[in-house]
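Numbering (my numbering) for the sequence shown: 1 to 236.
Structure, as structure tokens:
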Amino acid sequence: LCSGRERRRMSEDKAKKLAAEIQASSSSETFDLAGYGPEGLAQLVKAGLGTPIRSAEMMRLTFVCGGGKKVRQKYADNLPSLFGDALKSSGFVEDRGAAASLDCQGRYKFQHDTDKDLKFVHVFPRIAPPDTPGGEGDAALSPADLVIFADLPAFRTMVAKKTPSFSQRRRALDVLKAAKARLAAIEAKLAELQPLSEEEQSYYDSSDADGLQAKQDFLQALLEEMIAAGQLTKPE
1 LCSGRERRRM SEDKAKKLAA EIQASSSSET FDLAGYGPEG LAQLVKAGLG TPIRSAEMMR
61 LTFVCGGGKK VRQKYADNLP SLFGDALKSS GFVEDRGAAA SLDCQGRYKF QHDTDKDLKF
121 VHVFPRIAPP DTPGGEGDAA LSPADLVIFA DLPAFRTMVA KKTPSFSQRR RALDVLKAAK
181 ARLAAIEAKL AELQPLSEEE QSYYDSSDAD GLQAKQDFLQ ALLEEMIAAG QLTKPE
């Protein structure tokens, strides 16, 4: 059985990866909160919604948080209220009339869809234009974290929408190479039975070597296509 510390680490890793997907969003998306508890929700909201999402358009992020008999066992009974509390802690306000418009940024609402027999929390995040400098607070995942921890589909979307230039994509590739090198160094320590620091252990548990390689291969092919198509600017 997992110890309490291991369960917390697994919860943190799960929240970190979903937060990366949320921050990579560029249009309305749906996410599943099955298996989340108070600690995971707090970290998810802090990292994924605590600071503005860079996007050219307003969006609605829908979180599945409960339902009828077929899915009820996957969700805590009080998950909607727990998620609402986490949102309020990050400055969100409940608004039953909220919609995907710029004047509804920082609001959320609850919905019980009786046709689908599912319970949703719709979140209308704060938005920042993609070219807005700064705006990164301590609660946000860094751009490097987004590159490292987003799964491949979210990474593809993020690259297409948020890193259009060759230089931006080359920097993302450098981040992936550095992440792989760091992971390899940690694995070397494990092979020599050397203890890991808490930070190294957390990084090792959160990282996916195959996922990093898949993203690196995708990005490398994309850069080669840009070179072949003559899409580089003069400075590049």
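Positions of the beta carbon are idealized from the N, C-alpha and C atoms, including for glycine.
Helix, strand or coil: how does DSSP classify residue i here?
i, result
"G137", "With a pLDDT of only 44 at G137, under 50, the local geometry of the prediction cannot be trusted, and the value read off the model is given with reservation. Coil, per DSSP."
"F218", "helix"
"E57", "coil"
"R107", "strand"
"L118", "strand"
"E192", "coil"
"D95", "coil"
"G67", "strand"
"T157", "helix"
"L1", "Below a pLDDT of 50, predicted positions are generally treated as unreliable, and L1, at 49, falls in that range; the measurement from the model is reported next regardless. Coil, per DSSP."
"D307", "Past the boundaries of the shown model lies residue 307; the chain is included only from 1 to 236, so the question cannot be answered."
"A24", "coil"
"A34", "coil"
"A128", "strand"
"D151", "coil"
"D174", "helix"
Which word fits residue i, buried or exposed, when buried means at least 16 other C-beta atoms lie within 10 angstroms of its C-beta?
i, result
"R60", "buried"
"E224", "exposed"
"S167", "exposed"
"D138", "Any reading at D138 must be qualified, since the residue scores a pLDDT of 41, below 50, and its modelled position is unreliable; no value is offered."
"K16", "buried"
"Q194", "exposed"
"K70", "exposed"
"I148", "buried"
"T114", "exposed"
"A47", "buried"
"T284", "Since the first and last residues shown for the chain are 1 and 236, residue 284 lies out of range."
"E192", "exposed"
"V175", "buried"
"Q73", "exposed"
"L49", "buried"
"A24", "buried"
"L190", "exposed"
Under 7 Å, do residue i and residue j count as touching if we go by C-beta distance?
i, j, result
"E21", "A184", "no"
"Y75", "F92", "no"
"K180", "L212", "yes"
"C65", "L33", "yes"
"L44", "A19", "yes"
"S28", "S55", "no"
"G68", "D117", "yes"
"A150", "T163", "no"
"M58", "A100", "yes"
"H122", "T62", "yes"
Pick out whichever of the options has its Cα sitting closest to the Cα of residue i.
i, options, result
"Y203", "E187, A214 and E192", "E187"
"F31", "S197, M58, D77 and F83", "F83"
"P125", "E94, K119 and T233", "E94"
"D13", "V159, Q201, A98 and M226", "Q201"
"F120", "Q73, S81 and D205", "S81"
"P129", "F63, I53 and A98", "I53"
"R169", "S90, L49 and L232", "L232"
"M226", "S206, S165 and S142", "S165"
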